[in-house]
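Under this note's numbering, residues 3 to 308 are what the sequence shown spells out, in order.
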Amino acid sequence: MVQPVPDEAPYIHCEDLFKIYKSDDLEVVALRGLDLRVERGEMMAIVGASGSGKSTLLNILAGLDQPSAGRIRVGERDLLTVREEDLVDYRRRDVGFVWQQTGRNLIPYLGAQENVEVPMALEGVPRREARERALSLLEQVGLADKRRNRPTELSGGEQQRVAIAVALANRPPLLLADEPTGELDAATADEVFSVLTRLNRDTGVTVVIVTHDREITRRVDRVVAMRDGRTSTEIVRRAHFARDEAERAEEFAVVDRSGRLQIPREYLDELDIGRRARVTIEGDRVEVRPEQAHDETTNPDRKWRR
Ligand code: ADP
Ligand code: MG
């Protein structure tokens, strides 16, 4: 359903989002109360261990899968209550998607330019206009000279760049990419990220990339880490006055609407924090201590465990 949304609302807004996969007698909770906001025109990345729910989230954002509960809005669309026929429109016009497997993005027997024309043909864009736009998109991803090449006549990185052009053919406001460089070497991955950065800057398309690539932190405005189906930390780049890259990025724990945050596993292990912790306010800080907290003088062990 399309509803008016206040101007200052983020482009993507997920609140307490759940996805449960059910099969026979097994239930997998892939998203458990996920909160996420993405601003219009932002370029951000999602990282996290395998199985943390990254692809589940991306598939839901792409309209390929529906969430089980919670709230999720993209632009003016509510993706929880959306009707199937509206979802078809959404997939075709509002979102472009790039898969990790290069072979999944392109039609093998068509040349690069023809591949880019396909989504436009499905939308009824006149042939000539589609051809011109396809060529212009191939120029933007630096592959105009390979417009006639079929996927097998392109390198992995080139195929992914054509895939980006295909995804953007109908000018969707949102581009999603699920580990687009997962099958590429570092140098080629870098070219793909450059193309994404340039398109984001030049066209204002909102970009959400799922990746394992550590280098991504230097490429995007914000990195959100997922753990166990929720967002756990966020790395935000600081203002330009920081001297080097390391200084420019700062990591924060995400606090959700109910005040929940995830404490890194290694901190819990280090301090032997189990099912309960003491949480107190100490001046300008909130302290989290083990339930059986002793002070340093009465617990000699504590000193040596540092
Ligand atoms: P990631 O992309 O971060 O590796 P996924 O979103 O693919 O994680 O998976 C999250 C969890 O949901 C995993 O436990 C996975 O096994 C499960 N899962 C994903 N897709 C399905 C599905 N179609 N049916 C059942 N379980 C699924
Ligand atoms: Mg995945």
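Cβ coordinates follow ideal geometry from the N, Cα and C atoms, glycine included.
Quick caveat, the model's predicted, so the values are computed rather than measured.
Other residues of its chain near residue i: CB distance less than 7 Å, five sequence neighbours each side excluded
i	result
Arg42	Tyr13, Thr208
Ala279	Val290, Arg291, Pro292, Glu293
Gly50	Lys56, Ala227, Met228, Arg229
Val288	Val281
Val238	Arg224, Glu252, Phe254
Thr213	Ala47, Val49, Glu181, Thr183
Leu139	Val118, Ala167, Leu170, Ala171
Phe243	Low local confidence applies: a pLDDT of 49 at Phe243 is under 50, so the model's placement there is unreliable, with the coordinate-based value given in what follows. Excluding positions up to five away in sequence, the list is empty.
Glu125	Arg94, Asn172
Between the CA atoms of residue j and residue i - distance to the nearest angstrom
i	j	result
Ala123	Glu252	45 Å
Asp147	Leu156	11 Å
Tyr269	Leu28	32 Å
Leu19	Asn107	28 Å
Ala171	Val194	17 Å
Thr104	Val168	12 Å
Arg224	Thr235	11 Å
Pro153	Arg133	18 Å
Glu185	Asn202	22 Å
Arg200	Asp187	20 Å
Arg129	Lys24	44 Å
Asp80	Asp274	42 Å
Asp37	Asn151	42 Å
Val197	Arg163	7 Å
Val257	Ile265	11 Å
Thr233	Leu112	39 Å
Glu17	Glu10	16 Å
Asp91	Met45	24 Å
Thr205	Ile218	20 Å
Val127	Arg173	12 Å
Leu60	Asp192	22 Å
Ile74	Glu272	36 Å
Glu284	Gln68	43 Å
Arg216	Val30	28 Å
Arg93	Pro110	22 Å
Gln102	Asp286	45 Å
Asp26	Arg262	32 Å
Arg149	Ser52	35 Å
Arg267	Gly276	11 Å
Leu66	Gly35	20 Å
Arg259	Gln161	41 Å
Per DSSP, cross-strand counterpart(s) of residue i
i	result
Leu176	Val97, Thr208
Lys56	Lys56 is not bridged to any residue.
Arg106	In the DSSP output, where bridge partners are listed per residue, Arg106 has none listed.
Ser157	DSSP output for Ser157 lists no bridge partner at all.
Val40	Ile14
Leu28	Ser25
Thr282	Glu289
Ile74	Cys16
Ile237	Val225, Glu253
Ala47	Ile211, Val225
Asp80	Arg75
Leu33	Lys21
Beta-carbon proximity list for residue i, same chain, < 6 Å, skipping 5 on both sides
i	result
Leu33	Leu19, Phe20, Lys21, Gly55, Thr58, Gly231
Ile211	Ala47, Ala179
Thr190	Gly159
Ala136	Gln115, Val118, Glu119
Val76	Ile14
Arg39	Pro12, His15
Ala64	Val97, Phe99, Leu178
Ile62	Pro69
Val222	Met45, Met46, Ala47
Nonlocal neighbours in the same chain, by C-beta distance under 8 Å from residue i, ignoring five residues either side
i	result
Glu131	Met122
Leu82	Gln68, Pro69, Ala71, Gly72, Arg73, Ile74
Ala165	Val100, Trp101, Thr104, Asn107, Leu108, Pro182
Given 8 Å, three or more beta-carbon pairs between the region 171-182 and the region 94-108: yes
Given 8 Å, three or more beta-carbon pairs between the region 139-156 and the region 80-89: no
Nearest-residue set for the ligand ADP, Cβ under 5 Å from any heavy atom: Tyr23, Val30, Ala32, Ser52, Gly53, Ser54, Gly55, Lys56, Ser57, Thr58
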